[in-house]
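Q: Residue numbering for the sequence shown follows UniProt numbering, starting at 1 and increasing by one per position. So that we are looking at the same thing, I have put the structure below in structure tokens.
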Amino acid sequence: MNVRSATAEDFEGITAVARATWHDTYDELEADVIDRTVDTWYTDDSMPLEASSTVVFVAERAGDLVGFTHAVAQGETADILRMYVHPEYQGEGIGSELHERLMAALETTDAERVRAFDFAFNDTSRTFYEGLGFERTDEGTVEIDGEDYPEAVYTLEID
Numbered sequence: 001m002n003v004r005s006a007t008a009e010d011f012e013g014i015t016a017v018a019r020a021t022w023h024d025t026y027d028e029l030e031a032d033v034i035d036r037t038v039d040t041w042y043t044d045d046s047m048p049l050e051a052s053s054t055v056v057f058v059a060e061r062a063g064d065l066v067g068f069t070h071a072v073a074q075g076e077t078a079d080i081l082r083m084y085v086h087p088e089y090q091g092e093g094i095g096s097e098l099h100e101r102l103m104a105a106l107e108t109t110d111a112e113r114v115r116a117f118d119f120a121f122n123d124t125s126r127t128f129y130e131g132l133g134f135e136r137t138d139e140g141t142v143e144i145d146g147e148d149y150p151e152a153v154y155t156l157e158i159d
């Protein structure tokens with residue numbers, strides 16, 4: 001497996017991984033809502049690779065993009081906004097490898113803490129982040145297609 005910085009050419013693969021993962025994971029959302037959200041959230045406009053505060057890594061296996069992560073570091077806090085592995089490849093350590101690479105990149109910033117966000121009903125995400133030492137520290141809501149959904153915030157203090 002190869003983990004590397006994302007390029008503009010990766011957005012088709014990023015969108016495909018996001019779409020497959022959302023459809024596999026978020027039963028609470030209608031299929032058309034998922035498709036509209038993925039089409040909006042996973043673009044070079046919403047994940048600007050050239051922004052100095054943005055970090056995006058992709059994982060490839062046999063030439064196929066199978067996972068990605070996206071974080072923004074601003075001041076003392078870095079936020080993991082996206083961490084997805086295609087459902088066919090989950091459980092193989094790809095998410096952990098993406099996380100390790102992301103944390104190494106964030107250690108070069110001024111961040112003293114890293115936060116991760118996901119739907120509060122996503123038990124797989126909760127297990128993943130808690131297994132990495134994150135603690136659930138807050139909750140909020142995220143608006144999708146005009147509806148509010150509960151969101152969990154996980155935090156990890158770093159040196």
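Glycine included, every Cβ here is placed at the ideal spot set by N, Cα and C. Note that the structure is predicted; figures quoted are calculated from it, not measured.
Locate the alpha helix (DSSP H) running through residue 141, then write down its first and last residues.
A: The residue labelled residue 141 in the question sits at position 141 within the sequence shown. Residue 141 -> not in any alpha helix (DSSP H); beta strand (DSSP E) instead, spanning 135-144.
Q: Looking only at its own chain, which residues have a Cβ that is under 7 Å from the Cβ of residue 113, when we skip the five neighbours before and after it?
A: Position 113 of the sequence shown, counting from 1, holds the residue named residue 113. Here the set comprises 76, 77, 155, 156, 157, 158.
Q: Quick check: the segment 15-27 against the segment 94-108, are at least 3 beta-carbon pairs closer than 8 Å?
A: The segment 94-108 vs the segment 15-27: no contact.
Q: Under a Cβ-count criterion, where at least 16 other Cβ atoms within 10 Å of its own Cβ denotes burial, should residue 127 be classed as buried or exposed?
A: Working through the sequence shown from its first residue, we reach residue 127 at position 127. Per the 10 Å Cβ criterion, exposed.
Q: Drop a sphere of 10 angstroms on the beta-carbon of residue 118, count the other beta-carbons inside from all chains shown, and report buried for 16 or more, exposed for fewer.
A: Position 118 of the sequence shown, counted from the start, is the residue given in the question as residue 118. Answer is buried; the Cβ neighbour count reaches 16.
Q: Considering residue 158, what are the terminal residues of the alpha helix (DSSP H) in which it resides?
A: Along the sequence shown, one-based indexing puts residue 158 at 158. Premise fails: residue 158 is in no alpha helix (DSSP H) and is neither H nor E.
Q: Between residue 37 and the rest of its own chain, which residues show a CB-CB distance below 6 Å, the 5 nearest in sequence each way excluded?
A: Here residue 37 is taken as the residue at index 37 of the sequence shown, counted from 1. Closer than 6 Å at the Cβ level, and outside the excluded window around residue 37, lie 144.
Q: How many Å lie between residue 87 and residue 53 at the Cα?
A: Against the sequence shown, residue 87 aligns to sequence position 87. Against the sequence shown, residue 53 aligns to sequence position 53. Straight-line Cα distance between these residues: approximately 29 Å.
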